[in-house]
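Everything on this sheet refers to the single structure shown next.
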Amino acid sequence: MQYHISGKMKNLKPSAIREIFKYAGDPAVISLAGGNPAPETLPAEDVRRLMNDALTQDPMTALLYNQSEGYSPLRQALRDYLGGGLVKESDDVIVLSGAQQCMDLACKVLCDEGDVVLCESPSFIGSLNCFRSHGVRLVGVPMEQDGIVIDELEKAIIQNRNARMLYLIPNFQNPTGITMSAEKRKAVYALAKRHGLVIVEDNPYGDLRFSGEDIPSIKALDDDGVVIYAGTFSKILSSGIRVGYMVVSKELMGKIVVAKQCADVHSSMPAQMLCHRFLTQRDVLAHIEKNKAVYAHKCNLMLDEMDASFPKEVTYTRPCGGLFIWATMPARIDSNEFATRLVRDSKVCVVPGSAFVVGDGALASSFRLNFSASSDEQIKKGIAACAALLKEMLG
């Protein structure tokens, strides 16, 4: 049968990250591409025990429908975990099927087709495709070492009067690893408030700072419902359980709930009950501290290998947390060609920078490296292969 494909989906392409994961099925391939947690940080025994407790102690709750807002004990545990500085009296918490659902629901509720969503450039491909699926136009704002360029952001807001949302990843940004400074967070919030723009603050990596001082979230500045905050259990518990959450003003919560009911009725109850027990029966902060030590080691190892072997013409970020390093080659190098040759000839996966381009920009000359999911030996071999190909392509 010949199918008619909707205009919303016709021009969407598969995520380059998901496509590259197909190569990762080959045991000979070293994947520096994905965003999985380190295998050694996954609390598999705790997950088994806590899930067994949920199914043994309260099987009917685990196996039947529940409210769309989420499992009430988990919502309260999240309020306690996040604290009153982030979840204000005027806010509510809804549990999601992964944090990316926040972007889908926010866009569905706040944007009409043809409206503009502003975002950092580059930005996370999963969210970009989510926005595109709603028929909005993406406008990218360049970044520098301490986050989005404020003057360029203000210019973009003024030039796009139908901008409805500003999507940001302030902590250890995906794909660049950049962290937005406290000063810029205040400036971004003031701009959004002045222009009636909703900020969607995506914070999947915020718990994973392994150097430097924590910086308060943009949501912590918010007393006016300007900021929608997205968090997740993917990076501190398991990326496979698909549980995230949104902090949103009570005024907007009703529409968000209706949008979620249209999507999936509610998130998985066994997974929500697992997350509740994880927050309330385990020393989560101690678990996170152990994880951060693992990521600090892996990041430093990758950077040391890059420092020792990469050509000087290649620059890269030095993140203080999260999972990613962003490397930039001279403009004459095509990131797609680099990534394709690397996996084909050397069995090493990275994500080409073109996957993260916002709007109709030219192919990026950058690529994203993940240090969390590989062993020390794989990191060394993978960076050696990258360095060899870079030297060959640069001549």
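Throughout, my numbering is defined as the position within the sequence shown, counted from one, plus 2.
Yeah, the Cβ is synthetic: ideal placement off N, Cα and C, and Gly gets one too.
Quick caveat: nothing in here was measured; it's all calculated off a predicted structure.
- Cα-Cα, which of L396, P144, K252 is closest to F358? Relative to F358, the option among L396, P144, K252 whose CA is nearest is P144.
- What number of angstroms, rounded off, separates the C-alpha of I230 from the C-alpha of V249? When rounded, the distance between both Cα atoms is 6 angstroms.
- Query: Expressed to the nearest angstrom, what Euclidean distance is found between the alpha-carbon atoms of I220 and F340?
  - Reply: Whole-angstrom Cα-Cα distance: 36 angstroms.
- Just mark V316 as buried or exposed, buried being the case when its beta carbon has 16 or more other beta carbons within 10 Å. Counting Cβ neighbours within 10 Å, V316 comes out buried, since at least 16 surround it.
- Secondary structure at S33, three-state DSSP: helix, strand or coil? In the structure shown, S33 sits in a strand (DSSP, three-state: E or B).
- Query: Any idea which residues DSSP pairs I422 with across the strands?
  - Reply: With the chain running from 3 to 397 in the structure shown, residue 422 is simply not present.
- Residue ranges of each alpha helix (DSSP H) within the segment 282-339, 4 or longer: Here the runs fully enclosed are 286-311.
- Report yes if the CB atom of A101 is closer than 7 angstroms to the CB atom of M271, and no otherwise. In this structure, M271 does not lie closer than 7 angstroms to A101 by Cβ.
- Item | Range of the contiguous alpha helix (DSSP H) that encloses G384 | From DSSP, the alpha helix (DSSP H) with G384 extends over 378-396.
- On the DSSP bridge assignment, give the partners of E203 in chain order. Beta-bridge pairing links E203 to L170, Y231.
- Message: According to DSSP, is N54 part of a helix, a strand, or is it coil?
- Response: Shown here, N54 sits in a helix according to DSSP, grouped into three states.
- Task: Would you mind sorting H268 into buried or exposed? The rule is 16 or more other CB atoms within 10 Å of its CB.
- Result: Buried is the call here.
- Message: Please report the straight-line C-alpha distance between E203 and G324, rounded to a whole angstrom.
- Response: The C-alpha of E203 lies about 16 angstroms from the C-alpha of G324.
- Item | Span of the alpha helix (DSSP H) around Y191 | 184-197 is the span of the alpha helix (DSSP H), which, as asked, contains Y191.
- DSSP three-state assignment for F212, whether helix, strand or coil: When secondary structure is reduced to three states using DSSP, F212 falls in the coil class, being assigned neither helix nor strand.
- Item | First through last residue of the alpha helix (DSSP H) which encompasses F369 | Premise fails: F369 lies in the beta strand (DSSP E), 368-372, not in any alpha helix (DSSP H).
- Can you name the residues that DSSP bridges to D93? Beta-bridge pairing links D93 to S251.
- Nearest to G246 (by Cα), restricted to the options K237, E253, V89, P332: Minimum Cα distance to G246 is reached at K237.
- Query: Can you give the beta carbon distance from L34 to G384, rounded, assuming they're within the 8 angstroms contact cut?
  - Reply: 5 angstroms between Cβ atoms; contact.
- Which term fits T342, buried or exposed, when burial requires 16 or more other beta carbons within 10 angstroms of its beta carbon? The residue is exposed, with fewer than 16 neighbouring Cβ atoms inside 10 Å.
- Please check the pair I201 and L170, which I expect to be a contact at CB under 8 angstroms, by giving their CB distance rounded to whole angstroms. With a beta-carbon spacing of about 6 angstroms, I201 and L170 fall inside the 8 angstroms limit used to define contacts.
- Start and end residues, beta strand (DSSP E) containing L120: Taken as a continuous stretch (DSSP letters only), the beta strand (DSSP E) holding L120 covers 118-123.
- Note down, in chain order, each residue of its chain lying with its Cβ closer than 7 angstroms to the Cβ of A389, except the 5 sequence neighbours on either side. Closer than 7 angstroms at the Cβ level, and outside the excluded window around A389, lie S311, F312.
- Message: Measuring only the C-alpha atoms, how far is S123 from M182?
- Response: Their backbone Cα atoms lie some 13 angstroms apart in a straight line.
- Query: Ordered along the chain, which non-local residues of its own chain (more than five positions away) have a Cβ less than 8 angstroms from that of D226?
  - Reply: Here the set comprises K195.
- Query: Roughly how many angstroms lie between the CA atoms of R279 and A232, to the nearest whole one?
  - Reply: Roughly 20 angstroms separates the two Cα atoms.
- What did DSSP end up calling A375 once you bin it into helix, strand or coil? Coil.
- Item | Proximity below 7 angstroms, CB of C109 to CB of H136 | In contact: C109 and H136 (Cβ atoms closer than 7 angstroms).
- Task: Measure how close the beta-carbons of E307 and K382 come, nearest whole angstrom, since I'm counting them as under 8 angstroms.
- Result: Indeed, because the Cβ distance is near 6 angstroms, the residues count as touching under 8 angstroms.
- Query: Can you list, in chain order, the residues of its chain whose CB lies under 8 angstroms from that of I150, leaving out five sequence neighbours each side?
  - Reply: Hits under 8 angstroms: E122, V143, P144, L170, M182, K186, V190.
- Item | Identity of the residue in S241, C322, K157 nearest I217 by Cα | Of the candidates S241, C322, K157, C322 places its Cα closest to the Cα of I217.
- Message: Since S241 and N38 should fall inside the 8 angstroms C-beta cutoff, what is the C-beta to C-beta distance between them, to a whole number of angstroms?
- Response: Under the criterion of beta carbons closer than 8 angstroms, S241 and N38 qualify as touching, at roughly 6 angstroms.
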